[in-house]
Structures are given as C-alpha cells and as structure tokens.
Amino acid sequence: MDGYSPDTESSATDDRERLAIDVDGLELIYADGTAAVQGVDMTVPEGEFFGFLGPNGAGKTTTIKVFATLLSPTSGEVRVNGFDVRSEARKIRETIGYMAQETSIDPELTAEENIRFACEAYGVPRGGRAERVAELLGLVDLVDVADKRSEEFSGGMKKRLDAATALVHRPPLVFLDEPTTGLDPKARNRLWEYFQRINDLGTTIFLTTQYLEEADQLCDRLAVILDGTIVADGSPADLKREVGGEVLDIELEDGADARARAAAIAREFDAFADATVTETETGISVTAETAREYGTDLLVALRDAGLTVTGFNIRAPTLDDVFLAITGDELDTDEMDTGRSELSQ
Ligand code: ATP
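Read in the working numbering, the sequence shown has 236 at position 229, and its numbers run on one by one without any break.
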C-alpha cells in the first residue's frame, strides 16, 4: 500500500531463534548509585507489538536506552536483533528506530525536509532517498503537508513525522518511548493506527506507555515494571485473567469517610478474603472470584452500616484492575489524577 516495509533481513537472528530482544539478568546502576533496573529478563520475538508499562521512575526509559545502546548495562546479557549491546552497538544502531519522549524533528524544516535530513543522518543511499521520503510521508499521511514547516503542525502530526524519521533506514525493530503522552484522545487514536500499520508491515515494536488503554488496544504482550523489576508479563487477556474473577463497582453517597468505611467493611467481609478492595472517586471497587455471588450480601452489609449505595455494577477486569492488583498500595493513587486509564503524569 504505502510501499514502505522494514528490512527484516538486517538482523542477525537466525531461523531457530527469531528474537528481536533477548535479555538475561539486566542490571543498570547509575553513577550516583541509583539501581534503575535490577535483574530484568525478557524476550520479544520478531514481529511482536510489545508493551512496557510502569509508573514514572519505574525504569522504562533506562531499559530502552540500554537496548538502543545509549547506556551500557552494569551487568547482564542483552542482545538486540541478534547483536550484543556491548560489542556490536553499531550494528544495533543500524537496525533499530528510536522515537524518544521528546520529538527530534526540526520545527524550521518542512515535513519532507525533516525526513530527508533523517535519511542523510542514517546514511540512506542518495539514490533511494526521494522514494523513501515519499513512502514515509504516505505511511503517516503527511503527503498533503509535505511542504509545510513542521512548526505549524499539531502535536499529533509532529509525533507522526517523528515516527516517520525513525523509520528512514527501514529498521526491523522500533522503540517508541511514551509516544502519545500529552496528546488528546483523537490524536492518540490516530497515532495508534499508524503504529498498528507499521507493525502489520512486519516491524517489531517495543512501546513504553503510561496509558493502560493504549497497551490494551495495541500490544500482543506486556511486561509491567516497578522499581526496576518486572512484576508481571503476558498478553493483556492473560493478565486480566490472572486478576481473577470480576469487579464489583459500588457508588456511594457521602464522600471520603464513607468510602473508607465501605472499603474497611469489604476487606473484612469473609466471602472476599482474597479480594482486592480499592477506593475510587465515587465509591469502592472489589475484585474477587466471588464478586457476583456475594455482591448483594456486601450491599446489604453496607446499608446495615448506615451507608447509602447509589449504584453498583459487575464487570470484567480491565488493565487498570490488573495494575492495581499488581502494585497494590505501592502506586501513589494521587498520580492517577488524569483518569482511570492512565498510570501517572
Ligand atoms: P518516566 O516515565 O518518568 O520516564 P521511567 O520508567 O522511564 O520513568 P527511568 O527514567 O528509567 O524511569 O528512571 C528509573 C530510575 O532511575 C528513577 O529512579 C530515576 O530517577 C533514575 N534515573 C534516571 N536517569 C538517571 C540518571 N542519569 N542518574 C541517576 N538516576 C537516574
């Protein structure tokens, strides 16, 4: 369709083991002693759309920087596209694209000039540049504004252009570090379509995000990192299943005190011994195998305690529930102030 396709022959991985990323015991300690990544093991097969989730400071960017050979591991073995991060860094750089948190496009240049400039920087042969620029402008739907200076672009268009510049050398693996942070939902949705398109063409994608909905929509598989350690991994469906059971959302009248009292009652409720109970903006949520069976008993207990229930609903777990179940109290809920589907600002 767009003529763009990744150069999947450029990785060193052979047919026995087509892993884009292969990590064993990665540890990264910064010069000031901060242990940002501690004993991470992971594999990402070629072609996968992989999500790396975690709150601010969990170690996502540090891990990506090791994969992109911008930081050298303190210990552990890391292979990217079959190449060793310590001894084959140049080969890795030639076979990856990296879209950093801050866009790297030049606002003074047009969309086309930005992509041309990236072609030069990545050593795309002169003869192939015009075709590559056209392919990439088409891939991210910026053909109509090819001659416009990028400073005039919306945030979403800038991100699309940035994604295109990361693809000029047709890398088989692309790192996207929080690519949609700060975009409105419409622009975010649109960007998801491009990432999906790039992945459909055969590019392996390693995405970090703080938007759980983004991970749920896009990723084949996820890992959750907390304080430098991977605490869960699997497909979004697997992770939701692991939460176990269903979620009972209860809405209450009367504010924070009532929520705290209701949460305490739910935690002491025998039928919910293994439940995760959290306070929400409007009430409480109880995640349990027995949510459906004993939900009404809990409602009666709340009423008997003098609390006014204004609504309730039983539903399947979302990734938000997965995250709460995994991180428990460790995640500062104040950081989740921009909505239920975002981990932190
Ligand atoms: P964010 O979403 O904020 O980018 P993150 O999950 O990407 O978070 P990292 O940026 O990898 O997290 O940071 C992991 C830990 O390492 C944090 O405690 C951070 O403060 C620390 N850190 C990051 N860069 C450095 C540095 N250059 N020197 C010392 N500590 C650092």
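No residue lacks a Cβ here, since even glycine has one placed at the ideal position from N, Cα and C.
Spatially closest choice to residue i from the options, by CA coordinates
{"i": "residue 102", "options": "74, 192, 162, 215", "result": "74"}
{"i": "residue 187", "options": "18, 35, 32, 109", "result": "109"}
{"i": "residue 149", "options": "136, 124, 133, 119", "result": "119"}
{"i": "residue 39", "options": "15, 283, 81", "result": "81"}
{"i": "residue 44", "options": "32, 183, 314", "result": "32"}
{"i": "residue 266", "options": "316, 254, 301, 219", "result": "316"}
{"i": "residue 122", "options": "16, 152, 270", "result": "152"}
{"i": "residue 14", "options": "84, 88, 293, 233", "result": "88"}
{"i": "residue 246", "options": "18, 17, 325", "result": "325"}
{"i": "residue 269", "options": "281, 254, 292", "result": "292"}
C-alpha gap between residue i and residue j, whole angstroms
{"i": "residue 263", "j": "residue 285", "result": "12 Å"}
{"i": "residue 176", "j": "residue 256", "result": "49 Å"}
{"i": "residue 90", "j": "residue 78", "result": "15 Å"}
{"i": "residue 156", "j": "residue 332", "result": "46 Å"}
{"i": "residue 230", "j": "residue 56", "result": "12 Å"}
{"i": "residue 136", "j": "residue 60", "result": "35 Å"}
{"i": "residue 334", "j": "residue 65", "result": "12 Å"}
{"i": "residue 312", "j": "residue 242", "result": "40 Å"}
{"i": "residue 106", "j": "residue 273", "result": "45 Å"}
{"i": "residue 17", "j": "residue 144", "result": "23 Å"}
{"i": "residue 338", "j": "residue 290", "result": "Per-residue confidence for residue 338 stands at a pLDDT of 39, beneath the threshold of 50, marking its modelled position as unreliable; the derived number appears in the next sentence. Cα to Cα, the separation comes out at about 19 Å."}
{"i": "residue 11", "j": "residue 128", "result": "19 Å"}
{"i": "residue 329", "j": "residue 25", "result": "29 Å"}
{"i": "residue 307", "j": "residue 233", "result": "37 Å"}
{"i": "residue 58", "j": "residue 159", "result": "31 Å"}
Alpha helix (DSSP H) segment containing residue i, residue limits
{"i": "residue 203", "result": "192 to 207"}
{"i": "residue 162", "result": "162 to 172"}
{"i": "residue 73", "result": "67 to 74"}
{"i": "residue 250", "result": "243 to 250"}
{"i": "residue 128", "result": "118 to 128"}
{"i": "residue 105", "result": "No alpha helix (DSSP H) holds residue 105; the beta strand (DSSP E) holding it covers 103 to 106."}
{"i": "residue 330", "result": "326 to 334"}
{"i": "residue 298", "result": "298 to 311"}
{"i": "residue 139", "result": "136 to 146"}
{"i": "residue 225", "result": "219 to 225"}
Nonlocal neighbours in the same chain, by C-beta distance under 6 Å from residue i, ignoring five residues either side
{"i": "residue 104", "result": "173, 174, 178, 181"}
{"i": "residue 86", "result": "29"}
{"i": "residue 125", "result": "172, 175"}
Interface flag, residue i vs chain C, CB-CB below 7 Å
{"i": "residue 315", "result": "In summary, chain C is missing from the structure at hand, where a single protein chain is found."}
Element boundaries [beta strand (DSSP E), containing residue i]
{"i": "residue 262", "result": "From DSSP, residue 262 is part of no beta strand (DSSP E) but of the alpha helix (DSSP H) over 262 to 275."}
{"i": "residue 286", "result": "283 to 286"}
{"i": "residue 60", "result": "56 to 60"}
{"i": "residue 213", "result": "211 to 216"}
{"i": "residue 259", "result": "253 to 259"}
{"i": "residue 52", "result": "42 to 52"}
{"i": "residue 279", "result": "It is not in any beta strand (DSSP E) - residue 279 carries neither H nor E in the DSSP assignment."}
Proximal residues to residue i (C-beta, below 8 Å), its chain only, five neighbours per side dropped
{"i": "residue 202", "result": "56, 170, 183, 186, 212, 214, 225"}
Cut-off 7 Å between Cβ atoms - residues of its own chain near residue i, not counting five sequence neighbours on either side
{"i": "residue 341", "result": "Low per-residue confidence applies at residue 341: pLDDT is 37, beneath 50, and the placement is therefore not dependable, though the value from the model is reported in the following sentence. Around residue 341: no qualifying Cβ."}
{"i": "residue 69", "result": "35, 43, 44, 78"}
>> Using 8 Å as the cut-off, can you tell me whether the stretch 230 to 246 makes contact with the stretch 191 to 207, which would need three or more C-beta pairs spanning the two stretches below that distance?
In response: no
>> Count Cβ pairs between the stretch 39 to 56 and the stretch 249 to 267 that sit closer than 8 Å; are there 3 or more?
In response: The stretch 39 to 56 makes no contact with the stretch 249 to 267: fewer than 3 CB pairs, one atom from each, lie closer than 8 Å.
>> Under 8 Å, with one C-beta from each stretch per pair, do the stretch 288 to 305 and the stretch 218 to 225 reach the 3-pair mark?
In response: no
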